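In terms of this note's numbering, the sequence shown has 345 at position 345, counting the first letter as 1, and numbering is strictly consecutive.
Backbone N, C-alpha and C fix where the C-beta goes; we use that ideal spot for every residue, glycine too.
Because the structure is a prediction, the values reported are computed rather than measured.
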Amino acid sequence: MAAQPMGESTNQQQWADTFRKLFSLSDAAYKRNAYLEQRVLELEMDMSMWKHIHSVALESHSAALKSAERDVKAHRTLVSTLNRQMFDQDLFAKQPPLILCVVDGNENLFKGFADGHRGGTLAAQDLTRQIAMYLNAEGVEGFKHISFWITVYFKRGELLEKLILNNICTSQQFDAFVSYIDIFSRFPQTLRIFLVGGHGPQYTSLYDALEAGNVLGKLVMVGVNEVSDCDPLGIGLSTDGIFMTRQLLQRPTSLSIHHINTNSGLLSPQSPASLAGGRTVDPSLDPPPCNEHYLMTCSKEAAQCKYSHEYILTQEQLASLAANAKKAPCNWLKNGRQCPQGDKCCWGHYCPNGPTCFHLSKGKCWFKGEAMHPPLSPCI
1 MAAQPMGEST NQQQWADTFR KLFSLSDAAY KRNAYLEQRV LELEMDMSMW
51 KHIHSVALES HSAALKSAER DVKAHRTLVS TLNRQMFDQD LFAKQPPLIL
101 CVVDGNENLF KGFADGHRGG TLAAQDLTRQ IAMYLNAEGV EGFKHISFWI
151 TVYFKRGELL EKLILNNICT SQQFDAFVSY IDIFSRFPQT LRIFLVGGHG
201 PQYTSLYDAL EAGNVLGKLV MVGVNEVSDC DPLGIGLSTD GIFMTRQLLQ
251 RPTSLSIHHI NTNSGLLSPQ SPASLAGGRT VDPSLDPPPC NEHYLMTCSK
301 EAAQCKYSHE YILTQEQLAS LAANAKKAPC NWLKNGRQCP QGDKCCWGHY
351 CPNGPTCFHL SKGKCWFKGE AMHPPLSPCI
């Protein structure tokens with residue numbers, strides 16, 4: 001009977017030792033698991049950082065390639081145009097060649113409005129001087145006379161309202177300034193066309209027409225803002241001190257009427273105009289509201305963005321804006337790259353016309369990404 005308590009004591013001691021080992025192993029496993037989780041988190045952060053660096057490097061490389069391709073295209077186009085003009089020397093002997101400067105006055109505003117006549121004169125003289133320096137550097141010489149015209153296109157009422165609202169000038173000063181602007185039509189003897197503006201998909205048809213007519217080499221892009229992918233030749237002449245660099249504020253307004261707005265990409269042909277029974281953005285608004293600002297996050301500050309961040313939109317108008325934005329292709333996917341916004345992207349990742357898109361069969365659909373026309377799911 002005396003041996004039984006000793007056996008029970010030994011057995012209890014063994015169980016106690018076993019539990020201590022289990023607790024020790026459990027604690028070690030918990031600490032090891034916590035360390036591994038922290039390590040995985042650090043590695044994921046490192047991987048995310050390197051992915052970002054790799055993405056930036058790819059974008060930089062892609063931008064460099066695009067710039068090189070643009071320079072090559074500009075050189076070839078200019079050579080082609082100059083070769084064509086060599087056969088038109090008889091025309092230049094009869095009448096002087098024409099140098100044309102066209103200014104998109106809605107987006108590129110002159111400085112010096114408050115100085116009236118004097119401001120207009122100084123702006124015209126400064127722009128003429130910088131263009132003359134460019135032509136001289138390009139070797140455009142040997143002509144006894146050259147006709148030089150500057151044309152500014154703008155919406156007078158809206159521009160005047162902006163200038164007065166931002167205390168740039170009075171109505172009388174504005175009238176005095178623009179009285180020095182002449183308007184004309186393009187002539188066959190045009191030697192160069194200096195375009196201040198032209199940054200956006202709305203100019204694509206113009207560039208295509210000039211290229212088809214073998215006169216794109218006459219075009220010189222004047223750099224006020226940064227060059228975009230839609231610019232055919234890049235920046236040829238950078239101006240300094242002539243145009244305003246900040247965006248003017250516009251009076252907030254309530255939005256209505258039917259319109260489709262995009263600030264990147266293009267609308268696919270025959271896309272529906274608006275939501276049934278819904279209201280969309282007023283086409284007379286200038287500039288239009290920024291889709292990325294209202295629907296996700298705009299990468300540019302309000303002063304740098306060419307679209308407005310100032311409007312006050314209702315929920316109905318935001319829904320309409322979002323629906324219309326989906327009709328324009330996401331530039332990331334369109335260029336064969338992964339969209340960093342994913343499902344949160346406000347732009348269209350799929351063609352609204354689906355795999356049976358008529359324009360896709362003709363090679364003219366603007367949803368050009370490989371996965372932007374997914375096949376229909378089989379019906380079950």
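Three-state class that DSSP yields for Ser308 in the structure shown: strand
Simplified DSSP assignment, three categories, for Ser26: helix
Distance between Leu160 and Ser55 (C-alpha atoms, nearest Å): 44 Å
Boundaries (first-last residue) of the alpha helix (DSSP H) holding Phe358: Phe358 to Ser361
Integer Cβ distance of Gly354 from His373, believed to fall under 8 Å: 7 Å
C-alpha distance - Gly395 paired with Glu310, whole-angstrom precision: Because the chain in this structure spans residues 1 to 380, residue 395 falls outside the shown range and cannot be described.
Gly139, buried or exposed, once every other Cβ within 10 Å from all chains shown has been counted against 16: exposed
Strand pairing of Val40, partner residues [DSSP]: Partner(s): none; Val40 has no beta bridge.
Bridge partner(s) assigned by DSSP for Gly348: Pro329
Delimiting residues of the beta strand (DSSP E) encompassing Leu122: Run containing Leu122: none in the beta strand (DSSP E); it sits in the alpha helix (DSSP H), Gly116 to Ala137.
Euclidean distance between Cα positions of Ile53 and Gln315: 38 Å
Host beta strand (DSSP E) of Leu313 (start-end): Per DSSP, Leu313 belongs to no beta strand (DSSP E) and is neither H nor E.
Residues near Cys357 in its chain [Cβ-Cβ closer than 7 Å; skip 5 each side]: Cys351, Cys365 and His373
Inter-residue spacing [alpha-carbon to alpha-carbon] between Gly348 and Ser62: 23 Å
Cut-off 6 Å between Cβ atoms - residues of its own chain near Ala322, not counting five sequence neighbours on either side: Leu295
Three-state class that DSSP yields for Leu98 in the structure shown: strand
Straight-line gap, Gln202 to Met49 (C-alpha atoms, nearest Å): Here Gln202 scores only 47 on pLDDT, less than 50, and its place in the model should not be relied on; the value that follows carries that caveat. Between Gln202 and Met49, the C-alpha separation is close to 37 Å.
Buried versus exposed call for Arg20 [16 or more other C-beta atoms within 10 Å across all chains shown]: exposed
Inter-residue spacing [alpha-carbon to alpha-carbon] between Met47 and Leu41: 10 Å
Rounded straight-line distance, which links the Cα of Gly120 to that of Ala64: 38 Å
Assumed close pair Val152, Gly116 - CB separation to whole angstroms, cut-off 8 Å: With 8 Å as the limit, Val152 and Gly116 do not qualify as a contact, their Cβ atoms being about 16 Å apart.
Among Leu333, Ser67, Cys339 and Val102, nearest to Ala124 - alpha-carbon criterion: Val102
Best match in Asn291, Tyr307 and Leu313 for proximity to Lys327 [C-alpha to C-alpha]: Asn291
Cα-Cα separation between Ala137 and Ile99, rounded to whole angstroms: 15 Å
Counterpart residues of Ile150 in DSSP-defined beta bridges: Cys101
Short Cβ contact (8 Å threshold) for Gly391 with Leu333: With the chain represented from 1 up to 380, any question about residue 391 goes unanswered, as that position is not in the structure.
Selected residue, minimal CA-CA separation from Leu313, among Asp17, His293 and Asn331: His293
Cα-Cα separation between His145 and Lys73, rounded to whole angstroms: 30 Å
Alpha carbon of Trp149 to alpha carbon of Pro97, nearest angstrom: 11 Å
Backbone CA spacing between Phe367 and Lys66 [nearest angstrom]: 20 Å
Segment limits, alpha helix (DSSP H) that includes Leu109: Run containing Leu109: none; DSSP gives neither H nor E here.
As assigned by DSSP and simplified to three states, the class of Met221: strand
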